[in-house]
Amino acid sequence: MIKAVLIFNQLGKPRLVKFYEPISTPAQQEILREIHSLVAKRADTLCNFLEGTRSIGGTDTRIVYRHYATLYFVFVADRSESELGVLDLIQLFVESLDKVFENVCELDLIFHFDEVHYILAEVVSAGMVIETSLSEIGRAIDEAKRQAKPESDHARMGLSSLRRGFVQ
Amino acid sequence: MFEKSLTDLIQGLRANKRNEAEYIRRSLEEVQGEVQQSDMHCKSAAVDKLNYLHMLGYDMNWASFNVVEVMASPRFGEKRAGYLAATQSFHQETDVLMLTTNLIRKDLASANAMEVSVALDGLAQIATAELAADLFDDALAVLDHSRPYIRKKAVVCLYRLALKHPEGLHALVPQLKERLDDPDPSVVSAAVSVVCELARTNPHNYLPLAPKLYHLLTTLTNNWILIKIVNLFASLTPIEPRLARKLHGPLSRLVCTTNAMSLLYECVHTAIVGDVIGVPLPVADSIGREIDFAELCAQKLELFYESRDHNLRYVGLVTLARLQEKRPELVAGHYETVLACLDDPDLSIRMRALDVVSGMATRRTLVATVKRLMSQLVLSNAAALQPAAPGGVLGPGQQADACVGLPQTDASGTSLVSAQGALVPSNKAGAAGPDAADNPEYRLAVVEAIVGMCSRQSYENMTDFEWYVATLADLVYTAGVDVDRLLSERLLDVTVRVRQVRRFSTQMSRRLLSDSRLVSRAAAGGANAMTLAAAAYILGEYCSLLPADPDDAALLLPANLAAFTDEQQATFVQASMKTYTNWLRDVAGYWSADIWEQVRSVTSSIQRTLSQALFPSEGASSGDALEAGPDAAGDVAESAARLPLQVSSRLRQFAEAIEVVSVATSNPGDSAPPVCAELHSLFTVYELNPVSAAAQGKVPVPEGLELDSFIGIPIPDTSLKVIPPPPPQQQQPRSTAAAESSHTRGSRYSKGTGEHMERRDREGGPFYLRDDAHGGPRARGGPPDVDDIPVVALELGSEPKSEQPRPHKERKSKKHRKRKPRSPSPAPAAVDIAGDEDMPGIPTEAQPGTGPAAL
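Protein sequence lines correspond, in order, to chains A and B. According to UniProt numbering, the residues represented by the first sequence are 1 to 168, in order. According to UniProt numbering, the residues represented by the second sequence are 1 to 855, in order.
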């Protein structure tokens, strides 16, 4: 399973911190710092896999990362996930972000950090990959967005979804 | 109405970079007021802000109750924010979690699918054992939801609940099986993921699902699920070998047809790990030729480790190492390619390549491979010694600090997507880090690989042992990491095992010990102390193989001897004594007046050194103390007491021996005093040989000695029970007449147990007076004393009798020796003495069945 998803910039400032295992806040920050120090010094010509250090889960853990412009996207996973598969998954996640934010950049992630969480939740839930289709992810995000609009009336939304249920 | 929104907070943070902590402190104070307000909109915004600050490392547990309030909001946007904050900040001990049961139950039953989805996501993350037990059935009910979007989330959520609530698994597994047939691929994918996780911890329970998974493997086209299933089979085949045959068809088809490298990799990996390549069925390759599956996998692996993509190279080498375990001959052909990977700038790739390279060394390639690795150590070492470039002085941390002042907006506004719209990971120009060969971890791995491939299978690949010893000596200088123990063990091992190299090894040891810089560095707490001690041992033990040199004794008593550990000091002193006596024996053969002079001077110089070692504080003035004879013995004892016991004892032995020589040679004579020629024989009575770890097991069991049966009836462990102490009156006579006591206990225990108890009492009982003359146990036939055990006398020194009729046993013992080479033990080998016969220098064909190849 996937143990954690982290996004941080080159200076190590967190943009998304998601742990799928209960870990205390200070320990999260420690892991974040450690992974940043490991990843940020690697040239882009090097491979995108690192073996986990002791505090991150030992050699059974793989740190898979990708570097996009100013940001590092890091997935921490155990042996049951294929390294190359996770690499593709990061790409999928970034494409989903790009689809939602239209030409996504670091500022989007800073000011919509909650939105990033919701997008991630459509790809990975509780450490398991639940969707790998870009269009399905987009559809779910759109639907949630429509409901979350502050002006939308909850009762009406409820009705409309009921109606859609009938049509189906 | 004037509260800061999340956007305001983030903007404020960016505007207050210089006093961020202060700004956050003020914001937190504001938030504390806001979360208390009754307006849900305001409360929810405050929780959002807290959640953001939590990401930066600030605690928000104090607001847990308010988070629950927001979770209960009727508006979806707020509810979602509440659940998000809960998943981010709640932990197992959060006490408000028990308030959420009904809230989550209501959301799970909601008509609004998005609410159900949020509740499932949240519950999966925050579930405790109680929550899981309470809500398991509610979540199970959602599994039949009309929308696949909910079903897939329910599958994952139920898995997490079952982890906390194992009783739920019984209900979950049949449902999971059903979900594997779900019409929606995402639901199948989630179910497969969950089965993978479950099967990883307990593969036996999920074997019954294999046919279903096999069916999916042959029908699905979604690569992600296929990867998962193939991966799952890698953990199932080891416990059900028949699966390998079954998988042969679909796996080989996938290997031949797929274009996705990730799937191809997973298939090849599973084929190798699951031993599908061992199935004797041919497959057709891309041009229709019949080919062995293992060969096909090896061919496909080439695509990976010869790729320009570093990621593919990495996984390719990882899998190649696995293939090597099963079919080394298939990997051997790629020697050059793998060797090239050793120069990869990427440390991870180098390490993996090192794994493979050290496994593929043969007699032919060994020297070239080791030279190549040695050159990496030497070259990077030279680079490391050069002064650092000005730019390199700044550590990564400092650089980061220096950049903090720069406006960040420029960089953070850069699109993650390149201008063409294609998502390409950025390409950091150049910026190669420090050479991977400077990494201590890598250097350690290189040294281990060199030593490992040289000594594998009792030096199977070794053709030139002198070269090997020279390489070890080189490593002392070039390793640059702490490999002291490894090198010392190897140096001893090869010297003791291989008779022909001993002379060269002794020369090498002398050279190492003559390097005063090396010795003083080791004494100053640097590395190589153990290696020097090993060299000292070798020089002492085998000094007779070289022309005797009077300087050796002084070499082995360096001025900074006291800086070494006790054991090492003892080794040095003992070795010094050996070389000295060896030299005496040598000169006794051609004694003359000049020689007499030399013996006098060498002896007195060593005497001075020894007395300095024994009386470090008093300096040379007390050097006479030794010569002063028995009167000074008390002083000697007093001073020596400050030294570690084993060191002082060796030093005093040596001093005594020197004293004897000094007295014997006090007058010049025509011939050498007999003591000169004889002293060295003290050290050469037995030859030391490596003892197999299994040697003890080879000692034949004497007739009639039953080792597996209990001597008496096993008594229960009484240590935990309270046993009233027996009255002393009863104990007292028992201590003097043990036979009586066994009578008194005879009513409860058998005779044997009585003895056992008695022995325990004797060992631990406070009332027992030791009576050595006591012969009771022996009279009763028990084995009371080690000396009383009737052991067959072993024929030491001569060929071990028990070995010869059983050559297969000997092979077994070699296996042990290969794994755990032991440093020589002073005890002569009872059986299985490592002689020259198993060294590759002797053709193994001459002894069928005994050579390492037969292993």
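Just so you know, even glycine gets a beta-carbon here, dropped at the ideal spot from N, CA and C. Because the structure is a prediction, the values reported are computed rather than measured.
Can you list, in chain order, the residues of the segment 285-312 of chain B whose Cβ is nearer than 7 Å to any Cβ on chain A? Interface annotation for the segment 285-312 of chain B against chain A: H310, N311, criterion Cβ-Cβ distance under 7 Å.
Going along the chain, which unbroken runs of the alpha helix (DSSP H) with 4 or more residues stay wholly within the segment 168-233 of chain B? 169-179, 185-201, 210-219
Residues in its own chain within less than 6 Å of residue 863(B) by CB, not counting five upstream and five downstream? As shown, chain B starts at 1 and ends at 855. That puts residue 863(B) outside it, with no answer to give.
Could you work out which residues of chain B lie near S135(A), taking near to mean beta carbons separated by less than 8 Å? Position 135 of the first sequence, counted from the first residue, corresponds to residue 135(A). Correct list: empty, because the minimum Cβ distance to chain B is about 11 Å.
Of all Cβ atoms in chain B, is any one closer than 8 Å to the Cβ of residue 170(A)? Absent from the structure is residue 170(A), since the part of chain A shown begins at 1 and ends at 168.
Does the CB of E143(A) have a neighbour CB from chain B at under 8 Å? As a first step, residue 143(A) must be located in the first sequence, where it is residue number 143. At least one chain B Cβ lies under 8 Å of E143(A).
Secondary structure at E706(B), three-state DSSP: helix, strand or coil? Here residue 706(B) refers to the residue found at position 706 of the second sequence. If DSSP states are grouped into helix, strand and coil, E706(B) belongs with coil.
Residue environment, G697(B), which counts as buried when at least 16 other CB atoms sit within 10 Å: Sequence index remark: in the second sequence, residue 697(B) carries index 697 (1-based). By the 10 Å Cβ count, G697(B) comes out exposed.
Quick one: which residues of the segment 252-279 of chain B get their C-beta closer than 7 Å to a C-beta of chain A? List them in chain order. M261, S262, Y265, E266
Could you pull out every residue in the same chain whose Cβ sits closer than 7 Å to the Cβ of F504(B), ignoring the five residues on either side in sequence? In the second sequence, residue 504(B) corresponds to position 504, counting from 1. Only E466, V469 meet the Cβ criterion.
Grab me the residues of A534(B)'s own chain with a C-beta within less than 6 Å of its C-beta, minus the 5 sequence neighbours each way, in chain order. The residue you call residue 534(B) lines up with position 534 of the second sequence. Excluding sequence neighbours, A534(B) sits near S488, L491, L492.
For S426(B), would you say it is in contact with chain A, using Cβ-to-Cβ distances shorter than 8 Å as the test? Counted from its first residue, the second sequence places residue 426(B) at position 426. Unreliable positioning characterises S426(B) in this predicted model, as indicated by a pLDDT of 48, which lies under 50. A coordinate reading is not provided.
Is there a Cβ of chain B sitting closer than 8 Å to that of T61(A), yes or no? Locating residue 61(A) in the first sequence gives position 61, where the first residue counts as 1. Not closer than 8 Å to any Cβ of chain B, the Cβ of T61(A) fails to qualify, so no.
According to DSSP, what are the bridge partners of E290(B)? Position 290 of the second sequence, counted from the start, is the residue given in the question as residue 290(B). BP columns for E290(B) point to A284(B).
Residues sharing a beta bridge with N667(B), DSSP: To locate residue 667(B), count along the second sequence from 1; it is residue 667. Answer is none; N667(B) lacks a bridge partner.
Under the assumption that S125(A) contacts D121(B) (Cβ atoms under 8 Å), give the Cβ distance between them as a whole number of angstroms. Residue numbering aside, residue 125(A) sits at position 125 when the first sequence is read from its first letter. Residue numbering aside, residue 121(B) sits at position 121 when the second sequence is read from its first letter. Yes, they are in contact, since the Cβ atoms of S125(A) and D121(B) sit about 5 Å apart, within 8 Å.
Where does Q568(B) land, buried or exposed, given buried means 16+ other C-beta within 10 angstroms? Along the second sequence, read from residue 1 onward, the residue named residue 568(B) stands at position 568. By the neighbour-count rule (16 or more Cβ atoms within 10 Å), Q568(B) is buried.
Anything in chain A within Cβ reach of Q196(B), meaning under 8 Å, just list it in chain order. Taking the second sequence and counting its residues from 1, one reaches residue 196(B) at position 196. Note that residue 196(B) corresponds to Cys in the displayed sequence, not to Gln. Chain A residues near C196(B): S80.
Beta-bridge partners of Y65(A), as assigned by DSSP: Within the first sequence, residue 65(A) is the residue found at index 65, counting from 1. According to DSSP, Y65(A) bridges with V74(A).
Taking 8 Å as the CB-CB cut-off, is I10(B) touching chain A? Within the second sequence, residue 10(B) is the residue found at index 10, counting from 1. So, interface residue.
Beta-carbon of N19(B) versus every beta-carbon of chain A: anything under 8 Å? Against the second sequence, residue 19(B) aligns to sequence position 19. Chain A, which has no Cβ nearer than 8 Å to the Cβ of N19(B), makes this no.
Chain-ordered chain A contacts of R245(B) [CB-CB under 9 Å]: Within the second sequence, the letter at position 245 stands for residue 245(B). By Cβ distance, chain A contributes nothing, its closest Cβ being about 24 Å from R245(B), past 9 Å.
Counting only runs of 4+ residues fully inside the UniProt domain "AP complex mu/sigma subunit" (1-145) of chain A, write out the alpha helix (DSSP H) ranges in chain order. 25-40, 83-101, 106-111, 113-123
Among L220(B), V173(B), M98(B), whose alpha-carbon lies nearest the alpha-carbon of N202(B)? Taking the first residue of the second sequence as 1, we reach residue 202(B) at position 202. Taking only the C-alpha atoms, the option nearest N202(B) is V173(B).
Along the segment 81-97 of chain B, where does the CB come closer than 7 Å to a CB of chain A? Name the residues. For chain A, the residues of the segment 81-97 of chain B that bring a beta carbon within less than 7 Å of one of its beta carbons are A81, L84, H91, Q92, in chain order.
I want to see whether chain B comes within less than 8 Å of G57(A), judged by CB atoms only; does it? Working through the first sequence from its first residue, we reach residue 57(A) at position 57. Not an interface residue.
Between the alpha carbons of N259(B) and L71(A), how many angstroms are there, rounded? Taking the second sequence and counting its residues from 1, the one referred to as residue 259(B) is at position 259. Taking the first sequence and counting its residues from 1, the one referred to as residue 71(A) is at position 71. Their Cα atoms are separated by approximately 30 Å.
Neighbour flag for V70(B) against chain A, beta carbons, 8 Å: Numbered from its first residue, the second sequence carries residue 70(B) at position 70. No - not a single Cβ of chain A is within 8 Å of the one on V70(B).
If contact means a Cβ-Cβ distance below 7 Å, which residues of the segment 324-357 of chain B contact chain A? P345, D346, S348, I349
Chain B residues whose Cβ lies nearer than 7 Å to that of S125(A): Walking along the first sequence from the start, residue 125(A) turns up at place 125. In chain order: D121, A124, K153, V156.
Using only CA atoms, which one of A139(B), L140(B), L163(B), E115(B) lies nearest to E143(A)? Here residue 143(A) refers to the residue found at position 143 of the first sequence. Cα-wise, what sits closest to E143(A) is E115(B).
With distances taken Cα to Cα, identify the nearest neighbour of E102(A) among E122(A), G138(A), I130(A). Taking the first residue of the first sequence as position 1, residue 102(A) is located at position 102. Out of E122(A), G138(A), I130(A), G138(A) has the C-alpha closest to the C-alpha of E102(A).
Taking C-alpha atoms, which residue in R25(B), Q88(B), Y590(B) lies nearest to Q28(A)? In the first sequence, counting from the first residue as 1, residue 28(A) sits at position 28. Nearest C-alpha to Q28(A): Q88(B).
What's the C-alpha gap between D552(B) and R510(B)? Taking the second sequence and counting its residues from 1, one reaches residue 552(B) at position 552. Taking the second sequence and counting its residues from 1, one reaches residue 510(B) at position 510. D552(B) and R510(B): Cα-Cα distance of roughly 8 Å.
Please confirm whether S186(B) has its beta-carbon closer than 8 Å to some beta-carbon of chain A. Counting from one through the second sequence, the residue named residue 186(B) turns up at place 186. So, interface residue.
Residue range of the alpha helix (DSSP H) that Q457(B) falls in? Within the second sequence, the letter at position 457 stands for residue 457(B). Where Q457(B) is concerned, the enclosing alpha helix (DSSP H) stretches over 440-459.
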